[in-house]
Structures are given as C-alpha cells and as structure tokens.
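Engineer:
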Amino acid sequence: MAARIGIFAVVVAVFLSIPAFSSAQDLQIVNAERRIDLSSHIVKAFLTLKVENIGKSAAAEMLLAFSPTQIKNLAMVQALAITGKKKKKTYLPLDVKPTEQPDAPNDTGYYRVTFVSPLGPGETVSLEVLYILTHSLEPFPVEITQSESQLVYYHDSAVILSPYHVKQQTTFVKTPSTRVESFTSIEPANRAGKEIKYGPYENRASYSYAPVIIHFENNSPFAVVEELVREIEISHWGSLQITENYRLTHGGARHKGVFSRVDYQSKRSVSGASSFNALLAVLPPRVNSVYYRDDIGNISTSHLRTGFRKSELEFEPRYPLFGGWRATFIIGYRVPLEDYLFEASDGRRYLNFTFGCPLVETIVNKLTIKVVLPEGSKDPSAILPFTVNQDLQVKYSYLDIVGRTVVVLQKDNVVPTHNVPFQVYYTFKPIYMLAEPFMLVSAFFFVFVASLAYVHIDLNIARK
Amino acid sequence: MAAKPIASPISVALYPTLSVFTLAIGLVITAIFFIYETTSSRKNRSLGKELATSAVASVFLGFGSLFLLLASGVYV
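Chain order of the listed sequences is F and P. If you're matching positions, the first sequence starts at 1 in the numbering used here and goes up one per residue. If you're matching positions, the second sequence starts at 1001 in the numbering used here and goes up one per residue.
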C-alpha cells in the first residue's frame, strides 16, 4: 500500500517536472508586416513579426500557418531572429520545420519555428520570415495570342493566417507594372502605383482569413524547368565534369493562334510581350569546355563570359518560348578538381558543390543531382541543409570493373534560393587510382604475351 | 576552416607532355622487342629478355595511353 502510494507520487513528480510547452493561445503577435513581391513568377513574401508571450510559461517555439493551397506550393521557409536596434541589428537563423497539428482547421499546414532561447512570459521577440511560393500566379485569360499581354491572378488573404491573435498587421503587395486590372478591396485597402496596401487591420482573431484576388499584368519570363538532371562526375585525375539535362517550358498563359515571325521581329515590344528567348546560367568561375546542345546537335546561340567570381552563360533556345512551348537541351562543362574536392579532418574526402539549378529566376519542378564517385569509393553520405530524397546507384563508365557509386539526390519545387553548398563525403584510398593504368598496362602486356606465344609455339607437323 | 583541397597527384598541365614522352619511350622499347624477335633464331632466344622487354614496354605504353586519354579530355 505504501509502495503503491510511493510509486504514484514518483509518477506525479515526474509529470510535473517535465516543462510544459505553451499551447497555441499563449503567444500573441503584437505587430505583423507582410511584404509580398509579385514581380516575377516566383512569389516572395517577407513577414516581420513581433511576437509576445502572454502565457505563464516559457515558449520554445511558434507555429506559422499556411492555407492548404499555399502549403502545396511552398518552396522554402526561412526565419531569422532580429536582435539589437537600428544599425546594430544582428540576424540569427532559426530552425524551421514542417509540422502537423492534430486540430488544424480546414487543412491548414504548419511550420514550426524554434526560438534561439525560450521566450519567457511577458517577453517579446522580433522575427523575420521569408517564404517563397511557386506556381502561385494563375494566368487569366488562360490562353493569349501573340499580341496580348499576360495577366495573372494572385490568391491570398488580406489578413495574415496565424494560429495566434494578431493585434496589428499591414500587408504590402508589389506588382511588376502599374497595370492592375482589379483587386479585392477589404477596407482599408488602397493602391499607389506598383504597390497595393492592405491594412492596417486591428485585433484579428486567430485563424481569421479574408481571401483576396489580385488580377494584374506580369510579363516577366515564366521559365519553368520541368525536369533537370545534373550529373557531377568526379575524377581524381583532376577534373569535375558536369552534365545538365534540361526540359524547359514557359509556365504562363498558353499561346493560342498562329506565331507570326514577322510580327515578332518587327514589333518586338508589343508582340510576344510575355515570351522569352534568352536565358542566363551562372556557372563556376574557372569553367572550361562548356557545350550547349540538344538532340539535333550543337546550338550556337550562346555567349560565355568567364570571370573571377562566377562565369555567365547567356544562351538562347532555337526558338522563342511562348506559353506552353517546350525546349529540351543539354549544357555541360568542366571545372578543376581542387576547387571542389577537399579532405576532411578525419581523412574522408568530400565534394563541396552548389545545389540547385544554375539558371536565374527559374523554378525546377523536379531536380535530380547525381554525384558519380570514382571507382573504389566507399561509405558515401550526403549532408544538405534541407531535406532531399537520397538514393544510391551504380554507373559503368571508362575503365571500370566494379562500377562507380552514384549518390542520387532528388528534390521537388526548387527555386534559386536553394543554391546553397552541400557536401558529399566518401572514403577513398589513393592506391585505387592505380587500378586504371594497371588495366591498360595489363592489356598491352597481354598483346606482347600473345605475340611471344605465337613466335614460340611450333605448329609444324613434319619432324625436324 | 582550412579544408585541404585535393588535386591530382600529377599536375594537369603536364599531361600532354608526359603522354608524348612515355608513349615515345614505350614505342621505342616495343620496337626493340620486335627487332629482337625477328633477328634472333630459335636457339639464341632468351625468354627472360623477351619478358623483361615486353613488361617494360607495356608499362610505358599503358601509362602513355592513360595520359593520352587524360590530355584529350576523357578524364577516366
């Protein structure tokens, strides 16, 4: 009896000693300012939040809510904690992870932001959140002719969707041009030139949502790479060979009617306003042997400018791209090995390369990066700042016996902000490099031995 | 951070020169081997000399063809 009471007391004590996390209602957003940039087809939103802890216990994290359509199109969410004032502001990156909440109303999606240090009761913290949405500009009209301009819809909420009570908030929307066909007006809302201001709104309850539609002109190039396969082949004899297979489309309003080359070339500012024909790829600085070709052959419309910090390849597909049109091509180049392959302190080698797509302002729907490690490499592992699907394959290439290990990294919905360095570690004994010349030496030796055998063997039938 | 960059054991700029020289030496020794084969009679032939010459020739030819592949851009 006494033992049972004792156990019960211990269990209660254990439960009471676990720090209680604040529930969603213990935080409050004092001030929120949201700036949405609609200049290109990649929608960038900057949220500046001032969060206050109105509960009794410390809060270690907070939730960011997104509507179901936004969660599907969200390419990246980053959060920074702002400390200091005015000129001496410092920004600390915070850990942001997607999360599920059991009682989410209307399929809201959540991201959990962990604070640098738990927020005490009554304290406030300033955060800056950046999130990037892809495929969020819906072309309307869906089909346009060559001489029309491209108009798109942007669906969002004038009131920031949040699981917390928001005391004061304002949203600024920046459009690429002054032509805005219409925008939903939720008082107070007004438009000045290229900026639409929604707000300030006071004291909105949690999960309040006021849908707005902005119909505006956006002629920026809607360059969408449907599939990109980048193969990085490491050769310990001195170079890194990169081959990129692109399937590029124009992701805007579909083109209808005929394509008049005469109109396109004579009235370029009016004809094909939303089409694009030039693309820019940013390549590493010491790049050589760059080629640009497709199934037909080499494409000569390209210019390469090498530089000290980066090289730029400006290239044009064989035809300008209008809505719904596709172009498939291959870009390949070589970079020196010592720029990218390093030795770690524990003896392992690692490749330090940039993730993502070299094209500027393009969305990649499906990106596959294959790192081909030299023969004889063991224990491959990849370290990335965000989640990707990892896989291992085998590739047979020049002078291979057992094949080369390939680390395959796959990610969907990639934007230029994903161009960050990643590392692939592996172990390699330098003696394995001799396997290739040894194979060639033994091949030549076999030829000599065969000629020796021919000379020595006596095939005469007659007795001497 | 001081990460040590890894480069090729032989400087990449040396590949064309190395390939020319090693292939030249390899072909000269191959010539020596075949001259020996054709000028010696069955009784005077020494298997040891033949094997030694062919081994040295195949080493030079093997490395020469490797450097030739590397110099022409096929980084094996």
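Note that the Cβ used here is the ideal one computed from N, Cα and C, for glycine as well.
How is F:Ala104 classed by DSSP in three states: helix, strand or coil?
Structural biologist: In the structure shown, F:Ala104 sits in coil (DSSP, three-state: anything other than H, G, I, E or B).
Engineer: Around the C-beta of P:Ala1003, are 16 or more other C-beta atoms found within 10 angstroms, so that it is buried, or is it exposed?
Structural biologist: Taking all protein chains shown into account, P:Ala1003 has fewer than 16 neighbouring C-beta atoms within 10 Å of its C-beta and is therefore exposed.
Engineer: Within a Cβ cutoff of 6 Å, which residues of the same chain sit near F:Ser377, ignoring the five residues on either side of it in sequence?
Structural biologist: Thr405, Tyr426 and Phe428
Engineer: Thinking just about the alpha-carbon of each residue, which of F:Asn218, F:Pro336, F:Thr171 and F:Ile213 is nearest to the one in F:Pro200?
Structural biologist: F:Thr171
Engineer: Taking 8 Å as the CB-CB cut-off, is F:Trp237 touching chain P?
Structural biologist: Answer yes: the Cβ-Cβ gap between F:Trp237 and chain P drops below 8 Å somewhere.
Engineer: Tell me which residues share the same chain as F:Asn190 and place their Cβ nearer than 7 Å to its Cβ, disregarding the 5 neighbours each side in the sequence.
Structural biologist: Non-local C-beta neighbours of F:Asn190 in its own chain, meaning closer than 7 Å and more than five positions away in sequence, comprise Lys197, ordered along the chain.
Engineer: Return yes when the C-beta of F:Pro141 is under 7 Å from any heavy atom of the ligand PLP, and no when it is not.
Structural biologist: This structure lacks the ligand PLP; in fact it carries no ligand of any kind.
Engineer: In terms of residue numbering, what span does the beta strand (DSSP E) encompassing F:Arg463 cover?
Structural biologist: Element bounds for F:Arg463: n/a, residue is neither H nor E.
Engineer: If we define contact as Cβ-Cβ less than 8 Å, is F:Gln168 a contact residue for chain P?
Structural biologist: no
Engineer: Step through the CB atoms of chain F and report whether any lies within less than 8 Å of the CB of P:Pro1016.
Structural biologist: no
Engineer: Whose CA, out of F:Val420, F:His236, F:Glu231 and F:Phe444, lies closest to the CA of F:Ile330?
Structural biologist: F:Glu231
Engineer: If you draw a straight line from the alpha carbon of F:Phe438 to that of P:Ala1071, how long is it in whole angstroms?
Structural biologist: 18 Å
Engineer: Is the separation between the beta-carbon of F:Glu316 and that of F:Ala281 shorter than 8 Å?
Structural biologist: no
Engineer: Tell me, to the nearest whole angstrom, how far the beta carbon of F:Leu49 is from that of F:Ile29; I am working on the premise that it is less than 8 Å.
Structural biologist: 6 Å
Engineer: Threshold first: 3 residues or longer. Then list the beta strand (DSSP E) segments lying entirely within the region 266-315 of chain F, N to C.
Structural biologist: 279-283, 288-293, 302-305 and 311-315
Engineer: Could you tell me which of F:Pro358, F:Pro421 and F:Arg35 sits nearest to F:Glu244, measuring between CA atoms?
Structural biologist: The alpha carbon of F:Glu244 has as its nearest neighbour, out of F:Pro358, F:Pro421 and F:Arg35, the alpha carbon of F:Pro358.
Engineer: Who does F:Phe172 pair with in a DSSP beta bridge?
Structural biologist: F:Arg35 and F:Lys197
Engineer: Kindly indicate the opening and closing residues of the beta strand (DSSP E) around P:Ile1029.
Structural biologist: Per DSSP, P:Ile1029 belongs to no beta strand (DSSP E); it is in the alpha helix (DSSP H), Tyr1015 to Thr1039.
Engineer: Can you pull the DSSP bridge partners for F:Thr417?
Structural biologist: The partner list for F:Thr417 (beta bridge, DSSP) is empty, contrary to what the question assumes.
Engineer: Tell me which residues share the same chain as F:Ser23 and place their Cβ nearer than 7 Å to its Cβ, disregarding the 5 neighbours each side in the sequence.
Structural biologist: In this predicted model, F:Ser23 has a pLDDT of only 49, less than 50, meaning its place in the structure is not dependable; the value taken from the coordinates is given anyway. Result list for F:Ser23: empty, nothing under 7 Å.
Engineer: Quick check on DSSP: helix, strand or coil for F:Pro139?
Structural biologist: strand
Engineer: For F:Pro285 versus F:Lys310, is the C-beta spacing smaller than 8 Å?
Structural biologist: yes
Engineer: Of all Cβ atoms in chain P, is any one closer than 8 Å to the Cβ of F:Leu304?
Structural biologist: no
Engineer: For F:Thr184 and F:Ile214, I'd like the C-alpha separation in whole angstroms.
Structural biologist: Cα to Cα, F:Thr184 sits roughly 7 Å from F:Ile214.
Engineer: Does F:Pro176 get closer than 8 Å to chain P when you measure Cβ to Cβ?
Structural biologist: no
Engineer: Whose Cβ in chain P lies nearer than 8 Å to the Cβ of F:Tyr398?
Structural biologist: Leu1069, Val1074 and Val1076
Engineer: Using a beta-carbon distance below 8 Å, is P:Leu1023 in contact with chain F?
Structural biologist: no
Engineer: Tell me the rounded alpha-carbon separation between F:Tyr398 and F:Arg326.
Structural biologist: Using only the alpha carbons, I get a separation of about 33 Å.
Engineer: Please identify the residue among F:Ala65, F:Asp346, F:Arg293 and F:Tyr333 whose C-alpha is closest to the C-alpha of F:Asp107.
Structural biologist: F:Ala65
Engineer: Where does F:Asp295 land, buried or exposed, given buried means 16+ other C-beta within 10 angstroms?
Structural biologist: exposed
Engineer: From F:Glu465 to F:Ile54, what does the alpha carbon distance come to, in whole angstroms?
Structural biologist: The structure shown does not extend to residue 465 of chain F, since chain F is modelled only from 1 through 464, so no value can be given for it.
Engineer: For P:Val1074 and P:Leu1061, what's the separation of their Cα atoms in angstroms?
Structural biologist: Roughly 17 Å between the two C-alpha positions.
Engineer: Quick test of your reading: F:Tyr131 and F:Val77, contact by CB under 8 Å. State the CB separation rounded to the nearest angstrom.
Structural biologist: Yes, they are in contact, since the Cβ atoms of F:Tyr131 and F:Val77 sit about 5 Å apart, within 8 Å.
Engineer: Report the residue from F:Glu343, F:Val116, F:His250 and F:Arg34 whose alpha carbon sits nearest the alpha carbon of F:Val424.
Structural biologist: F:Glu343
Engineer: So, using beta-carbon positions, are F:Ser39 and F:Ser149 closer together than 8 Å?
Structural biologist: Not in contact: F:Ser39 and F:Ser149 (Cβ atoms no closer than 8 Å).
Engineer: Determine the direct distance from the alpha carbon of F:Val180 to that of F:Phe46, and round the result to whole angstroms.
Structural biologist: Straight-line spacing of the CA atoms in F:Phe46 and F:Val180 works out to 21 Å.
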